[in-house]
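Novice: Heads up: the sequence lines are chains H and Z, in that order.
Numbering of the first sequence is given in our numbering, commencing with residue 55 and proceeding in unit increments.
Numbering of the second sequence is given in our numbering, commencing with residue 303 and proceeding in unit increments.
All C-beta atoms, glycine included, are put in the ideal place defined by N, C-alpha and C.
The model shown is predicted, which means the values in this text are computed figures rather than measured ones.
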Amino acid sequence: MSLKRVRLLIPDFVPKPLRCLVAQFLQVTIGFSCPWQYVSPIAMITQNTGSPAAIEKVKTWHSQCLSNHERCSQDQSSQLPTRIICIEGPNQARLHISKDEKAPYVCLSHCWGGQVVVQTTTRTLEQYTANLPWETLPKTFQDAVQFAHGLGIKYLWIDSLCQY
Amino acid sequence: MSQIYANACLTLSATWATNPHQGCFVIPDKRYASRTRNFTNSYNKLYKLHCHEILPQLSIPLQQRGWVFQERLLSRRIVHFMEQELWWECRESFTCECGNHDNKTLGINKYWEANPRKLSFPKSIQGQWESMVQTYQMKSLTYPSDIFPALQGLAKLVPLSMGRYLAGHWETTLARSLCWWVNKASRRYPTEWRAPSWSWAAAQGPVRWPRNVGYMYNTSMHSTVLSAMTTPKGDDPMGQISYGAIVLRGKHLVGRIRKVHELVDYYQIDLVGSRHYAVWDSLNLRDGLQVAALIIYEAFDRSGVEQYWLVLRAVKGRKDEYMRVGLLRARSVGKENAVEKEFKIV
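(1) Buried or exposed: which applies to arginine 558(Z), given that a residue is buried once 16 or more other Cβ atoms fall within 10 Å of its Cβ?
(2) I'd like the list of long-range same chain contacts for valine 381(Z), defined as Cβ closer than 7 Å, with 5 residues on each side in sequence excluded.
(3) For the beta strand (DSSP E) that proline 534(Z) lies in, which residues bound it at each end?
(4) Taking the C-alpha atoms as reference points, what is the distance between tryptophan 611(Z) and valine 574(Z)?
(5) On the DSSP bridge assignment, give the partners of serine 255(Z) in chain order.
(6) Can you check whether the C-beta of proline 192(H) is within less than 8 Å of a C-beta belonging to chain Z?
(7) Please list the residues of the stretch 173-190 of chain H that have a C-beta atom closer than 8 Å to any C-beta atom in chain Z, keeping them in chain order.
(8) Note down the Cα distance separating glutamine 81(H) from glutamate 385(Z), rounded to an integer number of angstroms.
(9) Which of helix, strand or coil does DSSP assign to serine 152(H)?
(10) Near phenylalanine 602(Z), which residues of its chain fall below 6 Å by C-beta distance, leaving aside the five closest residues on each side in sequence?
(11) Between the alpha carbons of arginine 148(H) and glutamate 180(H), how many angstroms are there, rounded?
(12) By the criterion of Cβ-Cβ separation under 9 Å, what are the contact partners of glycine 104(H) in chain Z?
(13) Leucine 528(Z): which of Val607(Z), Tyr334(Z), Ile647(Z) sits nearest, CA to CA?
(14) Using CA coordinates, which residue listed in Glu189(H), Cys161(H), Asp197(H) is at the minimum distance from serine 377(Z)?
(15) Kindly say whether arginine 558(Z), judged by its beta-carbon, lies nearer than 8 Å to any beta-carbon of chain H.
(16) Taking only three categories from DSSP, how would you classify threonine 194(H)?
(17) Counting along the chain, where does the beta strand (DSSP E) carrying threonine 176(H) start and finish?
(18) Buried or exposed: proline 95(H), going by 16 or more other Cβ atoms within 10 Å of its Cβ?
(19) For serine 344(Z), count neighbouring Cβ atoms within 10 angstroms of its own Cβ and tell me buried if that reaches 16, exposed if not.
(20) Per DSSP, which residues does aspartate 603(Z) bridge with? Please list them.
(21) Which same chain residues end up closer than 8 Å to tyrosine 624(Z) when comparing Cβ atoms and leaving out the 5 residues on each side of it in sequence?
(22) In chain Z, what lies closer than 8 Å to lysine 113(H) by C-beta?
(23) Going by beta carbon distance, what residues of the same chain come within less than 8 Å of aspartate 197(H), once the five residues before and after it are set aside?
(24) Tell me which residues share the same chain as glycine 507(Z) and place their Cβ nearer than 8 Å to its Cβ, disregarding the 5 neighbours each side in the sequence.
(25) With a Cβ-Cβ cutoff of 8 Å, do threonine 176(H) and arginine 137(H) count as a contact?
(26) Which whole-angstrom value is the C-beta distance of alanine 469(Z) and alanine 503(Z), which I expect to be below 8 Å?
(27) Identify whether asparagine 520(Z) lies in helix, strand or coil by the three-state DSSP scheme.
(28) In the DSSP output, which residue or residues are listed as bridge partners for histidine 554(Z)?
(29) Of all the options Ala632(Z), Gln454(Z), Trp369(Z), which has the alpha carbon lying nearest to the alpha carbon of cysteine 165(H)?
(30) With the cut-off set at 8 Å, would you say proline 106(H) and glycine 204(H) are in Cβ contact?
(31) When you compare the CB positions of alanine 580(Z) and serine 525(Z), do they come within less than 8 Å of one another, or not?
(32) Which of the three DSSP states, helix, strand or coil, is assigned to proline 418(Z)?
(33) Could you tell me if glutamate 373(Z) is buried or exposed, where buried requires 16 or more neighbouring beta carbons within 10 angstroms of its beta carbon?
(34) What does DSSP give as the partner residues of aspartate 572(Z) in its beta bridges?
(35) Of all the residues that make up the stretch 333-344 of chain Z, which are near chain H by a beta-carbon distance shorter than 8 Å?
(36) Just list the residues that DSSP pairs arginine 339(Z) with in beta bridges.
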């Protein structure tokens, strides 16, 4: 049995109660073959951008990029920034001071939004290198730690925690 | 800073969020998640039908931020966390889950057309730089003084052959790159000094450059840069600056600014008896103000010649110091009567 995925886009002007009908109508009128043979197969949208399915999707995109794209540089293990977050679990991380170590890491790009968020200072440095207090991290930081952990990457760079 | 994003194997971008407390992850609106139906055709072949509503056109808060511009351009690969789905962006491709967005929406890849391994801007470097600055200038900065720091990482990628970095311009192409203009001049005063008047960074609003920088056009230069300098605030000449001056030598005409109508903010320049339309850097002008027009270069194309003149006014209380107030692009300003002179522009 072969399986083919097709995408059906119902235009905005079709009122909501009719949408299901449109889909059913299309199913009923299928004759001898799939009417969407010219529609390219496409993946479905994952329900949650933090779900294991989403992580799998990013892993696929990443490995496709690594094996097919000549222009995206391939070098995987580059030198770690001096201050970097070491991820020890989905809800656990600490600040790590790197001494010319080499390992793959990810960066976080986010809006500061004018609010003060946690920052590494000389006062907090010692505490943070032991353990980053999870509850004080803003949600974006927590999500980034979880996602990077899911991807299997051990190091994460976040400006307000790693810059000095 | 530039190396940190460039060396990372991936950048996670909380693109939909306007502040760090909103998080990366979202559970999308049920309407946009795919619903799947299985059915078979008359050959008993099984088909899966994924059905979802078309995703709405999005506003992208993170992409409007000045600081994020270089983070994106320096990154090798980016996962964008959007409100309804994930986007993938790298130097060669752009993908989204729904398949409806293309790289016109974003597109870091257009800056990396040729050989990115050398991390240099391909095509003509100056042209590339200008198009980047044009995009960058449309982004918003919480602190106007960040204009150079938030571009620092990209400036560092420009090859040394371009010479010194001078308030957002490059030494080797300086004279021509002075011929920027403001797309829409405002009445606003800058809240604090951040760049000399000849730098595009002094402009309040998006800037543009003429398109004739390529090889297609024949140009002839009429001004020479005698000296140029900036004073950095910190250690890095690509960061904030506290002063900048250039000395240009070229032919100039003296004229006056004329307000065209009392009620409208509309000014022309009166040069040797004829009126011209200039593009003003700001609308803080007054009728009768004496100005000097200094010709920088002429570009020739099939339809004729186009001249680029800097419009300068004397700085109050300073002898022989001028500041830029606008750019005059004209087909036929009589440069025969122009007199050679040195101008120090701050």
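Specialist: Working from what's here:
(1) exposed
(2) Excluding positions up to five away in sequence, the list reads Leu312, Leu314, Ser315, Leu388, Trp390.
(3) 525-534
(4) 14 Å
(5) Outside the shown range of chain Z, which is 303 to 648, sits residue 255(Z), and nothing can be said about it.
(6) yes
(7) none
(8) No answer about glutamine 81(H) holds up, because its pLDDT of 44 lies below 50 and its placement is not dependable.
(9) coil
(10) Asn520
(11) 10 Å
(12) Gly325, Cys326, Phe327, Val328, Ile329, Phe383
(13) Ile647(Z)
(14) Comparing Cα-Cα distances from serine 377(Z) to each of Glu189(H), Cys161(H), Asp197(H), the minimum goes to Cys161(H).
(15) no
(16) helix
(17) Where threonine 176(H) is concerned, there is no enclosing beta strand (DSSP E), given that its DSSP letter is neither H nor E.
(18) Reliability fails at proline 95(H), whose pLDDT of 48 lies under 50, so the model's placement of it is uncertain and the value that follows must be treated cautiously. The residue is exposed, with fewer than 16 neighbouring Cβ atoms inside 10 Å.
(19) By the neighbour-count rule (16 or more Cβ atoms within 10 Å), serine 344(Z) is not buried but exposed.
(20) Aspartate 603(Z) is bridged by DSSP to Gly606(Z).
(21) Contacts found: Ala594, Leu614, Arg615, Ala616, Val617, Phe645, Lys646, Ile647, Val648.
(22) By Cβ distance, chain Z contributes nothing, its closest Cβ being about 10 Å from lysine 113(H), past 8 Å.
(23) Gly104
(24) Gln439, Val484, Asn485, Lys486, Ala487, Ser488
(25) no
(26) 6 Å
(27) strand
(28) Leu596(Z), Val641(Z)
(29) Trp369(Z)
(30) yes
(31) Cβ distance not < 8 Å, so alanine 580(Z) and serine 525(Z) don't count as in contact.
(32) Reliability fails at proline 418(Z), whose pLDDT of 38 lies under 50, so the model's placement of it is uncertain and the value that follows must be treated cautiously. Three-state result, proline 418(Z): helix.
(33) buried
(34) Arg558(Z), Arg577(Z)
(35) When C-beta distances to chain H are compared with 8 Å, the residues of the stretch 333-344 of chain Z below that value are Tyr334, Ala335, Ser336, Thr338, Arg339, Phe341, Asn343, Ser344, in chain order.
(36) Leu351(Z)
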